[in-house]
Structures are given as C-alpha cells and as structure tokens.
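Below is one structure, written out as structure tokens; comments come after it.
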Amino acid sequence: MDIQYLLLLQQLRDAAGALLTPLMQLVSDLAASSVTIGAAAFVFWAVDRHFGGFLMLNYVGSSLLVQVAKLTACVYRPWVRDARVHPAAAALETATGYSFPSGHTQSAAAIYGSVGLWYGRKRRWLAVLMVVMILLTAFSRNYLGVHTPQDVLVSMALTGAYLWLNGKVAARLERQPGFDLPVAAAGMAFALAAVAWFSLKSYPMDYVDGALLVDPLVMMEDGFMAAGMVFGFYPGWLIERRWLRFSTSRRTAAQYALAAAALVPMLLIYKLLPRLLAALTGPLWAEFISCAFLAFYVMALVPALICRLQRRQNHPQP
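Structure follows, in structure tokens:
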C-alpha cells in the first residue's frame, strides 16, 4: 500500500514536470539545511536565549531518538525495496541513512513545533502555520519519493512525544533549577548508550550480484552525528545555565555582529573537522567528535564570548 501511494505521487510528479518538484525540494530542505541550523544558533545567541535553548534541546534530542529508531528498524529506502520507485534526483543527495523514520520530518517537527509551542499561544495563526509546515515537509518527502507514509507519520509521532516530554522537563526546571544536572547526565548517557547500540547490533547484509546492497557503516554515520550532537550539547547547556547565563534582553549591534561572525567557525567545524579527524579516528568517530564539539561550541563557547562582550559593555574601561 505504501509503495502504491509513492507510485501514484510519482505519476503526479512526472505529469507536473518541473512545476512542483523544486518547490517540494525547497520545503524538504528548509527544515534540515545547515542554514536553518545556523539560524537557530543565531536566535539563541542574539535574539532569544530562552527560546533558542528550548529549540536546540528539542532538535538534538529528537534527532538522536529518530536515529535510534532508524538504525534499529533498518528499513531500506523505497527504491531499494521496489525498483519501480524513482525518487527525484535532487532529493537523493540528502536521502542518507535508512528510511524509517524520516529525519527531515523530525527536523521540521522539532523546529516548527518548537516555534508553535513557544509563540503559538499568543499568535494562533503562527501555530497553524507551523503545523502546516510540518505536514507540508512530511508530504514533500513522499512526493520526492524518498520516504513512505509510515516513515513520516512515525517521525512526527516520535518527535511530538519528545517535545511533549521536554515541555514537562522545562516546567520542572522552572520549579527545580537543580534538576538540570540529572537531565544533562541522562542526555549524555543516552548518547553513549546509542553509540554502543549502533556499534554492537547486527545489520542487514543483503547482497545483489555479489555486491552489498546497503553498507551499514554508511548508514551509521547519521546516528553517530546525532549522538555526538547530544553528547556535546548537554555539558554546554549545563555550563551556560549555571555559570554563563548571557542575556538577549538588551540586544546590541555588537552582539548581533559577534553572533553573525560565530556562524563562520560553526560552518567550518561542521564541514571540515570530520575530514581532518577521519584519518585518525575513522569516519564514524570523526562525525561523533566533530558534532560533539560543534554542539559545545554553540551552547557554551560562543555564549562565553557573549558574556565577555556584555561585561565590557556594562563596565567600560576608563
């Protein structure tokens, strides 16, 4: 049934030609691009520290949750399961890992869902728009032929449950600030447990004409990236909460400039550091270490620079 649905959308895509595919590709990429993640970091550093932290917390945790589900289920992509499925060529570059559940849908649900939960109570139109964007992203993954309906539905359900849980955690942190230490410890333990699971579990080893159909090591990369992000996020989050506590209440041009400049090293860490480390650690651990450092950079190192800037502004040298 799921393949038949994809074939129906494929006929629609072929009939529409280049009319809808670029739009669906844009919608699909918008929630999972490095530009979007950079924008989230900029919001945290210079626009709204509390919302930015909530957004990051939702994004990194739900990403690892979905990757655990992916590497546990090990469901092949639709075109691997059925040769009649021909995904849009432009979508193949970002269709990494196994198919179930959808990582792009998780990213959309985490980012747009966070915006809707944080700001949607006072702006109902914004909450509706965020729901539409989540559903549209999920549909775009089906339209492009890279995910089945089950992939996107389960991804939305898992991410929605995780956002609900984080809402409960955030409420408890308001009442009990010291609860942040157990939260950080649990998050880091989850990351390490996930890496152990990814490394020790078995994977499908199907061969076609003597060649491995899907290489598990390639499939594991996204999982190690997500685990590294969580592992680096929580120490930075804890340091920022307890000792840094920079402010975004009085925004200045200097803080905006610092936040914009900090995006450049962030991009370099994401793009170059895994390549530099791969020869020493292997590709999987290179991704883990790079993403851990990237998350710590976002949550603690840049906030430390912002704190230093704000101290100088509040106590200028005579």
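Sequential numbering of the sequence shown, starting at 1, is according to UniProt numbering.
Positions of the beta carbon are idealized from the N, C-alpha and C atoms, including for glycine.
- For Y234 and A186, the gap between their C-alpha atoms comes out near 9 Å.
- E240: not part of any alpha helix (DSSP H); DSSP gives it neither H nor E.
- L136 is positioned such that its CB atom lies no closer than 8 Å to that of E221.
- With fewer than 16 other Cβ atoms inside 10 Å of its own Cβ, T252 counts as exposed.
- When the alpha-carbon of G145 is set against those of V80, D209, V298 and A109, the nearest one is in V80.
- By the Cβ neighbour-count rule, S249 is exposed, with fewer than 16 other Cβ atoms within 10 Å of its own.
- Per DSSP, the beta-bridge partners of A211 are V208.
- The beta carbon of M156 lies closer than 7 Å to those of T105, A109, I134 and A138 in the same chain, with the five residues before and after it left out.
- Taking the Cα of A69 as reference, the smallest distance to any Cα among P274, R275, R312 and F198 is reached at F198.
- Of the candidates L26, G53 and V47, G53 places its Cα closest to the Cα of F296.
- Contact between the stretch 89-107 and the stretch 151-169 is present: three or more C-beta pairs spanning the two stretches fall below 8 Å.
- DSSP places L20 in the coil class of the three-state scheme, outside both helix and strand.
- Apart from sequence neighbours up to five positions away, the residues of its chain that approach C291 with a beta-carbon distance below 6 Å are M225, G228 and M229, ordered along the chain.
- For M133, the three-state secondary structure derived from DSSP is helix.
- In this model, F179 and F190 are separated by some 17 Å (Cα to Cα).
- Excluding five sequence positions before and after K201, the CB atoms of its chain that fall closer than 8 Å to its own CB belong to L71 and T72, given in chain order.
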